[in-house]
Amino acid sequence: MEFADKVVIITGAAGGIGKETARLFAKQEAKLALVDLDQSALESVASELELEDYLAIGADVSNENQVMNYVQATKEKYGRIDIFFNNAGTVGKLARMTDTTAEDFDKVVNVNLKGVFYGLKHVLKVMQEQKSGSIVNTSSGLGLHGGIGLAAYSATKHGIIGLTKTAALESAGFGVRVNVICPSAVYTPMVNIIEEFRSPESTEKAREQSEQRIPLKRYARPQEIAELVLFLSSEKASFITGSEYKIDGGLRA
């Protein structure tokens with residue numbers, strides 16, 4: 001029960017990966033601050049997981065004031081922040097680069113890149129003051145390579161890796177670790193959007209083709225991503241910081 005009474009913030013907590021990560025931390029009796037754009041969805045997650053000691057905070061991570069609010073609300077309730085899973089993101093509107101509007105590009109940048117930056121900025125202030133903490137950011141396999149129709153998404157996910165490395169260097173002297181995970185396709189609703197773009201006539205065909213390209217012949221399960229988050233948050237990873245972790249079934253081996 002390494003995480004018993006540890007204070008954990010999870011953004012994107014109503015989504016597949018966020019919810020499974022909350023489930024694993026809850027099993028170890030962590031104190032959870034769940035953040036998502038959809039407040040009612042957060043309450044459903046809390047009910048499903050039978051949480052007792054938690055915060056459910058509706059917030060738009062692209063709004064710095066709302067990020068400051070979820071950080072402050074967590075500190076006011078629990079007095080500290082031990083772990084931050086900086087996970088919220090959006091795939092945005094898929095289109096080839098020449099068809100992508102500035103507005104659509106900005107929407108993805110605001111959530112995926114600015115949202116991660118704001119979270120780092122304000123959580124790091126707390127962790128540096130207390131001289132401890134672990135942060136895990138969510139990038140993507142598309143943060144390591146490109147993807148047709150995913151210019152904004154791929155650009156922001158590359159950017160998250162850069163933010164991670166800088167934050168790790170700036171925080172190491174305070175006893176704070178910062179790492180980033182890079183999942184490939186995961187069995188969540190987000191991947192369905194990509195499948196539909198790639199093969200509008202048959203998303204099932206798109207999935208089969210994608211799975212066949214992966215050496216392990218399947219997508220990741222949300223719990224498998226969550227297990228990596230818990231490892232990087234734990235004392236087992238006490239000498240790991242500034243690192244990016246592929247979790248892709250061997251796709252980029």
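FYI, in full-length UniProt numbering the residues of the sequence shown are 1 to 253.
Every residue gets a Cβ at the ideal spot worked out from N, C-alpha and C, and that includes glycine.
All values reported here derive from a predicted model rather than from experimental measurement.
CA-to-CA distance, residue j to residue i, given in whole angstroms
| i | j | result |
| --- | --- | --- |
| A13 | D99 | 31 Å |
| L142 | V123 | 25 Å |
| Q128 | D36 | 25 Å |
| V186 | R221 | 6 Å |
| residue 254 | F231 | Any answer about residue 254 is impossible in this case: the structure gives the chain only from 1 up to 253. |
| L113 | K157 | 7 Å |
| A26 | M97 | 41 Å |
| T164 | L120 | 9 Å |
| E235 | G250 | 26 Å |
Residue i: first and last residue of the uninterrupted beta strand (DSSP E) it sits in
| i | result |
| --- | --- |
| F231 | Taken as a continuous stretch (DSSP letters only), F231 belongs to no beta strand (DSSP E), being part of the alpha helix (DSSP H) at 222 to 233. |
| L32 | 31 to 36 |
| S134 | 133 to 138 |
| I9 | 7 to 11 |
| V61 | Unbroken run through V61: none, as it is neither H nor E. |
| F84 | 83 to 86 |
Own chain residues within Cβ distance below 6 Å of residue i, not counting five before or after
| i | result |
| --- | --- |
| L94 | G149, F197 |
| R80 | V7, Q130 |
| S154 | L142, G146, G147 |
| A33 | I9, L55, T74 |
| E211 | K217, R218 |
Per-residue burial, residue i [other beta carbons within 10 Å of its own, 16 or more giving buried]
| i | result |
| --- | --- |
| L169 | exposed |
| residue 261 | There is simply no residue 261 to check, as the chain begins at 1 and stops at 253 in what is shown. |
| R207 | buried |
| D82 | buried |
| T101 | exposed |
| L216 | exposed |
| S62 | buried |
| P183 | buried |
| T166 | exposed |
| E195 | buried |
| K75 | buried |
| D248 | buried |
| residue 271 | No statement about residue 271 is possible, as the shown extent of the chain runs from 1 to 253 and does not include it. |
| S233 | buried |
| K205 | exposed |
| S47 | exposed |
7 Å Cβ shell around residue i - same chain, five flanking residues per side excluded
| i | result |
| --- | --- |
| Y77 | A small fix is needed here, since residue 77 is Lys in this sequence, not Tyr. These residues qualify, in order along the chain: L55. |
| T241 | A168, A172, R177, V178, N179 |
| residue 297 | As shown, the chain starts at 1 and ends at 253. That puts residue 297 outside it, with no answer to give. |
| residue 287 | The requested residue 287 does not occur in the structure, where the chain is confined to residues 1 to 253. |
| A41 | A14 |
| N69 | A59 |
Own chain partners of residue i with C-beta closer than 8 Å, once the 5 adjacent residues on each side are dropped
| i | result |
| --- | --- |
| E43 | A56 |
| S238 | R177 |
Top-ranked residue by Cα proximity to residue i, from the options
| i | options | result |
| --- | --- | --- |
| S139 | K131, A152, E29, Q130 | A152 |
| F117 | G92, N65, A33, G147 | N65 |
| A253 | A46, F105, R213, N192 | R213 |
| I193 | E211, G175, G92 | G92 |
| V67 | S40, F105, D53, K125 | K125 |
| N87 | V229, I247, K236 | V229 |
| G16 | G119, A33, V45 | V45 |
| G115 | S132, K75, V71, L144 | V71 |
| V226 | E50, F85, S47 | According to the sequence provided, residue 226 is Ala. The question's Val does not apply to it. Minimum Cα distance to A226 is reached at F85. |
| D38 | G175, G18, N137, R23 | G18 |
| S134 | L49, F174, N110 | F174 |
Residue interval of the alpha helix (DSSP H) (run including residue i)
| i | result |
| --- | --- |
| L124 | 115 to 130 |
| K246 | That residue, K246, is in no alpha helix (DSSP H); its beta strand (DSSP E) goes 244 to 247. |
| V176 | No alpha helix (DSSP H) holds V176; the beta strand (DSSP E) holding it covers 176 to 183. |
| F25 | 16 to 27 |
| F105 | 102 to 108 |
| E48 | 39 to 48 |
| E204 | 203 to 213 |
| S238 | Taken as a continuous stretch (DSSP letters only), S238 belongs to no alpha helix (DSSP H), as it is neither H nor E. |
| E170 | 151 to 171 |
Short CB-CB distance (under 8 Å) between residue i and chain C
| i | result |
| --- | --- |
| Q39 | In summary, chain C is missing from the structure at hand, where a single protein chain is found. |
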